[in-house]
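Asks: Numbering of the sequence shown is given in this note's numbering, commencing with residue 658 and proceeding in unit increments. Glycine included, each C-beta is placed from N, C-alpha and C at the ideal position. Attaching a single structure in structure tokens format; questions to follow.
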Amino acid sequence: LDELNQSELHWVETIGRSDTCANCGVPKAGVFCSECGQKHITARLKFGELFFQLIAKLTNWDRGLAYTFWMLLIRPGTVARDYVVGKQRPYIGPLAYFFLGAALQLVTLWIVEPQLRLMMTQSVRMEPGQLPPPGIQRLEEILGEDFASAFASTYITTLQQGYSYVALLFFCIPFAFFLKFLHGFVGERFRFGEAMVFALYSVGQMLVVTAVLTPIALRIGAGVQAAVGPLVYIAVAMRARSGFMRAAWSSRVMTFLALLFSAMFFFIAIMVTLIGSFVVRVVFAAQANARVLNSRAPTDVQAQPI
Ligand SMILES: [Zn+2]
């Protein structure tokens, strides 16, 4: 296409005929641009292709998600390893997978919330005629509701936080840190980012698996539910090792210790969040009570006989 010829053509007639990339102008070689990755257009756009592209994009994403989940079930270590060495296209990224697991947990929590609330309030409920200790009575006066239901609400809010940013900040990051640090002792020198990929995929998978198992376990009993979480976490993390870490026992011990230490970190973070949220709740209730008392005071004065 020379300049003169091109100026006589309407632009739609030049589509696909240029020998440079339509996106960045680098000379064409192959189906995709070697510089920007844009697929070269060879023909005019047909109406059906718009939809075909959309469906292709959706199903590709869909396959990526299903494929990532399936691979994480059967060969979790391989997924993390593939990602770290650069075979990333078949999988959902580690951070996206973690957030997917967290979102699933929130859905599960929403489903089991009434059951959880009932279990919690029943476990603290007083016998008929039995009065709570004076401290609790005072707290209930401030809160304007009974201690058990206030605590259950705080607990559920804490769990919601626990499955999102708390799990990322106080479980994934410590897990990656301890993995890097402890595996360094047995000659496996991971970078923090590499350990983070492993941590995000494994914690993401733990969240996905427990999101499915929690409602079932709760149906069996609270004790079963309490045991399922840690067991799934250990099983997923120890299984994820193969393909990513060495098979030696010293290496296994290090992964287990990293999981243990980061779980302790997470547990402390959850406890701090739980107690902190409850304190905030009491303080806000006390302030609201004080405001009500203050706003009442002038009317009380006016009501006084002169
Ligand atoms: Zn290009």
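Looking only at its chain, what residues have a beta carbon closer than 7 angstroms to the beta carbon of Tyr754, apart from the 5 residues adjacent to it on each side?
Replies: Residue 754 sits at position 97 when you count from the first residue of the sequence shown. Closer than 7 angstroms at Cβ, skipping near neighbours: Thr725, Leu857, Tyr858, Gly861.
Asks: Determine the extent of the alpha helix (DSSP H) in which Arg795 is found, giving its start and end residues.
Replies: By 1-based counting over the sequence shown, the position of residue 795 is 138. Residues 791-800.
Asks: Classify Ser780: buried if its beta carbon has 16 or more other beta carbons within 10 angstroms, exposed otherwise.
Replies: As a working note, residue 780 is residue 123 in the sequence shown. It counts as exposed.
Asks: Relative to the C-alpha of Asp803, which residue among Leu788, Thr815, Leu816, Gly758 is closest?
Replies: Numbered from 1 along the sequence shown, position 146 holds the residue referred to as residue 803. For Asp803, the nearest C-alpha among the options comes from Leu788.
Asks: How would you label Leu666, buried or exposed, when you count the other beta carbons within 10 angstroms and need 16 or more for buried?
Replies: The residue given as residue 666 occupies position 9 in the sequence shown. The residue in question, Leu666, is exposed, as its Cβ has fewer than 16 Cβ neighbours within 10 Å.
Asks: Alpha carbons only, please: which of Ala833, Gly734, Trp767, Val843 is nearest the one belonging to Pro923?
Replies: Counting from one through the sequence shown, the residue named residue 923 turns up at place 266. Here residue 923 turns out to be Phe, not Pro, going by the sequence shown. Among Ala833, Gly734, Trp767, Val843, the Cα nearest to that of Phe923 belongs to Ala833.
Asks: So for Ser981, helix, strand or coil by DSSP?
Replies: Given a span of 658 to 963 for the chain in the structure shown, any question on residue 981 remains unanswerable.
Asks: Starting from Pro887, trace the alpha helix (DSSP H) in both directions and tell me its first and last residue.
Replies: Taking the sequence shown and counting its residues from 1, the one referred to as residue 887 is at position 230. Segment 879-897, the alpha helix (DSSP H) holding Pro887.
Asks: With DSSP as the reference, identify every bridge partner of Lys703, one or two as the case may be.
Replies: By 1-based counting over the sequence shown, the position of residue 703 is 46. According to DSSP, which records beta bridges pairwise, Lys703 is partnered with nothing at all.
Asks: Starting from Ala904, trace the alpha helix (DSSP H) both ways and give me its first and last residue.
Replies: Taking the sequence shown and counting its residues from 1, the one referred to as residue 904 is at position 247. Element bounds for Ala904: n/a, residue is neither H nor E.
Asks: Beta-carbon separation of Phe913 and Met895 under 8 angstroms?
Replies: For this step, residue 913 is matched to residue 256 along the sequence shown. For this step, residue 895 is matched to residue 238 along the sequence shown. Yes, the pair counts as a contact, with Cβ atoms nearer than the cut-off.
Asks: Taking 7 angstroms as the cut-off, is the CB of Gln695 close to at least one heavy atom of ligand 1?
Replies: Reading the sequence shown from its first residue, position 38 is the one you call residue 695. Yes, since a heavy atom of ligand 1 falls inside the 7 angstroms radius drawn around the Cβ of Gln695.
Asks: Quick check: the Cα distance between Thr778 and Arg848, rounded to an integer number of angstroms?
Replies: On the sequence shown, position 121 is the one that residue 778 refers to. On the sequence shown, position 191 is the one that residue 848 refers to. Roughly 46 angstroms separates the two Cα atoms.
Asks: Can you round the beta-carbon distance between Phe855 and Phe901 to whole angstroms, since I take them to be within the 8 angstroms contact cut?
Replies: If you number the sequence shown from 1, residue 855 lands on position 198. If you number the sequence shown from 1, residue 901 lands on position 244. The pair is a contact, with the Cβ atoms about 6 angstroms apart (cut-off 8 angstroms).
Asks: Helix, strand or coil for Pro747 per DSSP?
Replies: Along the sequence shown, read from residue 1 onward, the residue named residue 747 stands at position 90. It is coil, neither helix nor strand.
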